[in-house]
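Trainee: Heads up, the sequence shown is in UniProt numbering, so the first residue is 1 and it goes up one at a time.
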Amino acid sequence: MSFLLKPDDPSDYRKLLTQCFVVVSDNAPPLSAYHLDRRWSQHEIVRRTIETIICEMSKPSNLICSGYDKHTRSSPIVELLTRSAWVLLLRRVGDGVMVYLLKYSSIFLSLPRNKHCQVAGFSISDLYPKFSKQLESGYHHSSPKLGSRKKRKRVGEVDSMHCRKMCCQKSLSEEATVTTATGNANNEGDSNGKCQESSNQITTKSRKRLREFSWQRHRKRKQLNFQETYSPTPCTRNLSNRDSVSGGLKYGFDTGLDLDPKKMSLHCSCCLVLQTVQKVTKNAQINRQSMFYKLECSSSVIPRKHILNSLKPNFSGADVLFKDIFRLSDTNITAQSMPCFHSNECCLIKSTCLYHSLVRLLKNFIRKAQSCRHLRFLDKHCAIPSLNQTANGSADSMLEDNEFEINSLEQGHNGVQLEGKLPHEKFHVFHTTICKRTLENTNHQFEPSQSYCQEKQVVSFIWAVCRSIVPPDLLGAPSNWRILRRNISRFVRLRRFEKFSLKQCMHKLKISRFPLLSTKHSSCYLSNHVLNYRKGQSLYVHEGCSEVNDAIHTVKHNILESWIFWFFSCLVVPLVQANFYVTESEFGKQNVFFYRKSIWEKLMNGAITCLKEQSYRLLDTASVRKIISKRSFGFSKVRLRPKENGVRVLANLKATSRMPVKVSSLKVQACALERKIPSHTKLIKYSHFKSVNCVLHNLHVVLKGLQMKDPEKLGSSVFDYNDVYRKLCPFLSVLKGGSTTMPGVFIVVSDVSKAFDTINQDKLLSVMKDVILNDEYLLKKSDQVLCTKKSLWLHQNLILADQYTNVESIKFTSFVPNCSLHSVVVNQERSRIITKQELYFYLSEHVKHNVLQLDKKFYLQDVGIPQGSVLSSLLCSFYYGHLENNVIYPFLEKTSETAAEDLSGRHNHHDASTAFKTSKDEIILSSPKCILLRFIDDFLFISTSKKQADRFFSRLQRGFREYNCYMNEEKFGLNFNVDQLSGLSSKRVYVGEDGITFLRWSGLFINCCTLEVQADYTRYLNTHLSSTLTICWQGKPGHHLKAKLCDYLRPKCHPLFYDSNINSAAVVRLNIYQAFLLCAMKFHCYIFDLSSICRLSTKSYIDTIERSIRFMHKLMKKRMHCMDCDSDIHPIFAVEKGEVQWLGLIAYIRVLKRKQSRHKELLSLLRSKLMAHRKAESVSSMLQYAVDDSHSSLIWKIKY
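#1: Taking the continuous alpha helix (DSSP H) assigned at isoleucine 1072, which residues delimit it?
#2: Please report the residue range of the beta strand (DSSP E) in which methionine 1116 lies.
#3: Jot down the residue ranges of each uninterrupted beta strand (DSSP E) in the segment 17 to 90, minimum 3 residues, whole runs only, in chain order.
#4: Starting from tyrosine 990, follow its DSSP beta bridges and name the residues at the other end.
#5: Where does glutamine 1156 land, buried or exposed, given buried means 16+ other C-beta within 10 angstroms?
#6: Can you tell me the Cα-Cα spacing of alanine 33 and glutamate 56, whole angstroms?
#7: Cα-Cα, which of Arg92, Ala120, Phe108 is closest to tyrosine 68?
#8: Would you kindly report the start and end of the unbroken beta strand (DSSP E) that includes valine 701?
#9: Does DSSP put phenylalanine 756 in a helix, in a strand, or in coil?
#10: Is it the case that the Cβ atoms of isoleucine 747 and isoleucine 1006 are separated by a distance below 8 Å?
#11: Measure the C-alpha to C-alpha separation of phenylalanine 500 and histidine 849 and round it to an integer number of angstroms.
#12: Quick check on the DSSP output: what are the complete alpha helix (DSSP H) runs of length 4 or more inside the segment 822 to 890, in order along the chain?
#13: Nearest CA to the CA of valine 46: which residue from Val99, Leu36, Gly94?
#14: For glycine 715 and glutamate 884, which I take to be in contact (beta-carbon distance under 8 Å), what is that distance rounded to the nearest angstrom?
#15: What is the residue span of the alpha helix (DSSP H) that glutamine 118 lies within?
#16: Kindly indicate the opening and closing residues of the beta strand (DSSP E) around histidine 795.
#17: Once you ignore the five residues that flank valine 24 on each side, which residues in its own chain have a CB closer than 7 Å to its CB?
#18: Report back the beta-carbon spacing between isoleucine 608 and leucine 854 to the nearest angstrom; my notes put them in contact at under 8 Å.
#19: In this structure, how does DSSP classify valine 785 when only helix, strand and coil are distinguished?
#20: Please name the residue or residues paired with arginine 648 in a DSSP beta bridge.
#21: To the nearest angstrom, report how far apart isoleucine 599 and aspartate 379 are at their CA atoms.
#22: Quick check: the segment 452 to 471 against the segment 371 to 378, are there 3 or more CB pairs under 8 Å?
#23: Anyone know if the C-beta pair for phenylalanine 491 and phenylalanine 568 falls short of 8 Å?
#24: Where proline 303 and serine 479 are concerned, what is the direct C-alpha to C-alpha distance, given to the nearest angstrom?
#25: From which residue to which residue does the beta strand (DSSP E) around phenylalanine 731 run?
#26: Cutting at 7 Å between CB atoms, please list the residues of its own chain near leucine 17, excluding the five before and the five after it.
#27: Compute the Euclidean distance between the alpha carbons of isoleucine 772 and leucine 706, then round it to the nearest angstrom.
#28: Quick check: asparagine 558 and lysine 282, are their CB atoms within less than 8 Å of each other?
#29: Cβ atoms of cysteine 372 and valine 301: under 8 Å apart, would you say?
#30: In this structure, how does DSSP classify aspartate 1047 when only helix, strand and coil are distinguished?
#31: Verify whether the separation of the beta carbon atoms of isoleucine 124 and valine 863 is less than 8 Å.
#32: So within the segment 923 to 948, which uninterrupted beta strand (DSSP E) runs reach at least 3 residues, ignoring any that extend past its ends?
#33: Taking 8 Å as the cut-off, decide whether the C-beta atoms of tyrosine 990 and aspartate 937 are in contact.
#34: Residue range of the alpha helix (DSSP H) that alanine 1015 falls in?
#35: With C-beta atoms as the reference, is proline 866 less than 8 Å away from alanine 651?
#36: Rounded to the nearest angstrom, what separates phenylalanine 21 and asparagine 114 at their Cα positions?
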């Protein structure tokens, strides 16, 4: 093979041979004799091969044919396969081999960043099953599923899995529904938008349950009378031989052993029911989603449609509940059964058998649940603050003054309710208004002390209700109550996206602590023959007895798991849902907050009042139908998120929507006469609509492409750290002018007040007319297959391509997002043309007719644009970019001319900028230099002229009336004095213990003197650090911990913090040290919460820490290498690997040292590794500066 590669070959040819993959298909014919004949050029070979494949197959599956134009005989793939490297390869291998490779092999060309592009062969994207079945036609979504008919079910035929799947939200009566379809229909909750815009679904809702026929009622009455008449005759089962002892006990168990039914005579029905209880799935988790954002109020302790509210407290209702708890149905019980004939000797006292004991308890459970006085428990454990209480925390007087007594749990089954009492604690409060004006106008409706309930209060309420309605026997022995309550407390304290598994529900619960499942009542699982067999013989002689014990234990364990899983998923969750509005907040990070429904209703009413007064107006149903009937997307549902000074309106634009359509009464009567639906039901017809973001996806792609082609129209917009780096790094280089000294600079930081809510809609549409200029736009689609260790992931990319541009200008790298995983790009040349009129129609409908639904009412936004839309950031950037290009930039040009005259005398002022004085080699610029950056609505202005910065600040204070743009006065930040006002008094200014002053801007700390960049950690100050975490107890906790630490470090591994062109060597190392400090704090919080369920070994912790340190260094080097600056300045990373390791060890040691009682062994190992490190002997001044606590005083204020 040496003839393929020669020493003088070009680099592109070497890259083709070494980095290109060629995979020959197994079905390919063998290669014929090898010849070096070259009769055709590479262009002719590629074209003839493609045309041959097209002639042989009507729909060729070879990617080499994608996008091939028969008239021009060209395509992007043809251009790739006819480059100089392929021409040279043709000379080396000849025509025959080249045709064979193109026709029978899959070719993958190398792309930057560990990616490849497939240009020939069978598309590997079709290997992904989820997407290979989808039909593509002009990017329309796949056809929706037709509505299906649901068979009516009577009360006795309820699906046992229904409550578990829906978390007990649908009652038995709601199961009796009939669904018919006209046209096409889809589910409302489909967030992918896979539904037609004009699909109708007719749903019938039963007004009342139909009465059963007389013969059905008579048969049921006979069965009930027969079952409730207990005979003293003992239950017997005949076992033929010794093998049937061990085998008969495993019939119906999920134990891997089988029982031959022929060896048994007749099965007692109640015993057989217990044996058919299936094991709960190992990875079963409690569905918490139904708790969140529920506005519906309930008159009972549980939701109105809960199964407990639909049953009667009799044997039939208890039997239905029994089957629902243990996931049984009539098909689970074999036909070879007899009614129960248990004696009082072989089962529980005062009961015939375990099955009937459970049914008796469940009847009591149903009766108590329906008569529970939940409001009394709410007022007692989650009291509403009185009207005369203030927001300073005086609400603690509403709590009872007696603590929860653990000793009270040791009392017997006396039927007395034991409820937890909480000590004095202050309520967490926040103002319930959105703006100051609303607070003044609605002060008579809202009190400042409106608060959420603490987690302790919620747990106390849940436990009190459970002790009131759940029979004591189902809660186990009194010693078990403390454990069960602790598990409930862990469930309530979960953060927003944490999961709660069955293992956590069962944590420390034991079968022996449930009297119903005790050993002396094991006769309920066995026949009398087996019991006598076990009593008369020793366990050592008969080997089957151990298997009998295992089988009994398995049945007990399955029963307990099923009950506890139902208890949490179908009782605890509905209790929270019915009595509290559960949500996260902006000030609490990932923590979950519980508001009483009455409090949240008042808060929401205040928010609705503010919406009406500001920019939203109420719409009737007819107006909403008129608006959405003209377009393919519908409306957005809104919820409120609490924040420190009010609430924020959040719209869900990702979900589909549906609207009921009126149906004439004649049609209802006609359907009833034809017996398609019962005459007493109400016919409801729905029109389904796609999600807003789904319809706007093509518009987003076009605007994103225009942003890349013409970034000047967005003004000074930056969207991420990469944009900030590319603009700030060249400016700092010019400012320094090759010197190590920074001239005096003046900084202005400001924020637009309610940026999204104050945008002038007509002005925005006028601005976008200047952006969308072409009559047509070409969209091209490709697939990207991501290769992971376990599976393949398919990511579909859509880009804007100019249809008049030459094919060679369309780069395949534009399809590739920034992803570190190895992937293959598959370009199948799927494209479509979208017109300007279509784009502008959707944009106008989205901006001018933004319909929101809040609490079953509709509102229209008259001012501003919706937040949460896929277009929100881009529209805002184009809008303020137009403001900058037409107003701010001309203003800065005028100020620059006047500021140049007195630039030399500027350094004599007496304010905060005196820190900018330098030595004799101070830089004096001939003209002021300035830069303006804006992240959405957050401005950063830097200038070497104080006069220019002063005038810019004054201009921002006046606002821009034409654009309805005004700054938030409380969010200005300056590093100089204006009109005898100190700029350092702003909230945007932070001064550390070392005296260094920073200005906060978009998550960054800008040094007021040197313009060095550090990370802003002030957002962690007002809450405990653990509120920002999401703990994973399931699966492999050690593996999850390693991944989490890497995720904590990833956002701070950017060249903006470690490039020596921006920061000094000492600050670069300080940024590394601070990143490790925060990671170490999160490490402590994570393992502290993890220890409640499991504890990892110290060696595992050491390996995790060392892995995070290696990851930090590797990722920093990789991102430095990948960063391609637009100018001639390239990133400089001058930090050794040993320095990173030393900084990481120091950070972990200092953080864990403050919690040394929990980490003694781990600290000892870390110190030994630090002593063995080569940097420990000679620490440079830069490292000493980095680990000085005075430079990281902000980090040490974080609570962890």
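Every residue gets a Cβ at the ideal spot worked out from N, C-alpha and C, and that includes glycine.
Mentor: According to the structure shown:
#1: Isoleucine 1072 -> alpha helix (DSSP H) spans 1065 to 1090.
#2: Per DSSP, methionine 1116 belongs to no beta strand (DSSP E); it is in the alpha helix (DSSP H), 1098 to 1122.
#3: List check, beta strand (DSSP E) in window: 21 to 24.
#4: Tyrosine 990 is bridged to Phe998.
#5: So glutamine 1156 counts as exposed.
#6: So the two alpha carbons sit approximately 23 Å from each other.
#7: For tyrosine 68, the nearest C-alpha among the options comes from Ala120.
#8: Per DSSP, valine 701 lies in no beta strand (DSSP E) segment; the continuous alpha helix (DSSP H) that holds it begins and ends at 697 to 709.
#9: In this structure, phenylalanine 756 counts as coil in the three-state DSSP scheme.
#10: A contact, by the Cβ cut-off of 8 Å.
#11: Between the alpha carbons of phenylalanine 500 and histidine 849 lies a distance of about 41 Å.
#12: Runs of the alpha helix (DSSP H) lying entirely within the segment 822 to 890, each at least 4 residues long, are 836 to 848, 872 to 883 in chain order.
#13: Among Val99, Leu36, Gly94, the Cα nearest to that of valine 46 belongs to Val99.
#14: About 3 Å; that satisfies the 8 Å criterion.
#15: Glutamine 118 -> not in any alpha helix (DSSP H); beta strand (DSSP E) instead, spanning 115 to 120.
#16: It spans 792 to 801 - the beta strand (DSSP E) in which histidine 795 sits, taken as one unbroken run.
#17: Correct list, in chain order: Tyr104, Ser105.
#18: Correct: roughly 7 Å between the Cβ atoms.
#19: DSSP places valine 785 in strand when its eight states are reduced to three.
#20: According to DSSP, residue pairing for arginine 648 in a beta bridge involves Arg641.
#21: Distance between isoleucine 599 and aspartate 379, taken at the CA atoms: about 13 Å.
#22: Contact between the segment 452 to 471 and the segment 371 to 378 is present, with at least three C-beta pairs closer than 8 Å.
#23: Judged by their CB atoms, phenylalanine 491 and phenylalanine 568 are nearer to each other than the 8 Å cut-off.
#24: Straight-line Cα distance between these residues: approximately 30 Å.
#25: For phenylalanine 731, there is no enclosing beta strand (DSSP E); the enclosing alpha helix (DSSP H) covers residues 721 to 736.
#26: So the list reads Leu4, Leu5, once near-sequence residues are dropped.
#27: Cα to Cα, the separation comes out at about 8 Å.
#28: Cβ distance not < 8 Å, so asparagine 558 and lysine 282 don't count as in contact.
#29: Cβ atoms of valine 301 and cysteine 372: closer than 8 Å.
#30: Here aspartate 1047 sits in helix by DSSP.
#31: No Cβ-Cβ contact shorter than 8 Å links isoleucine 124 with valine 863.
#32: If we require 3 residues or more, the beta strand (DSSP E) runs fully inside the segment 923 to 948 come out as 930 to 935, 938 to 943.
#33: No, they are not a contact pair.
#34: According to the DSSP assignment, alanine 1015 belongs to no alpha helix (DSSP H) but to the beta strand (DSSP E) extending over 1013 to 1015.
#35: Taking 8 Å as the Cβ cut-off, proline 866 and alanine 651 qualify as a contacting pair.
#36: If I take the Cα positions, the gap works out to 13 Å.
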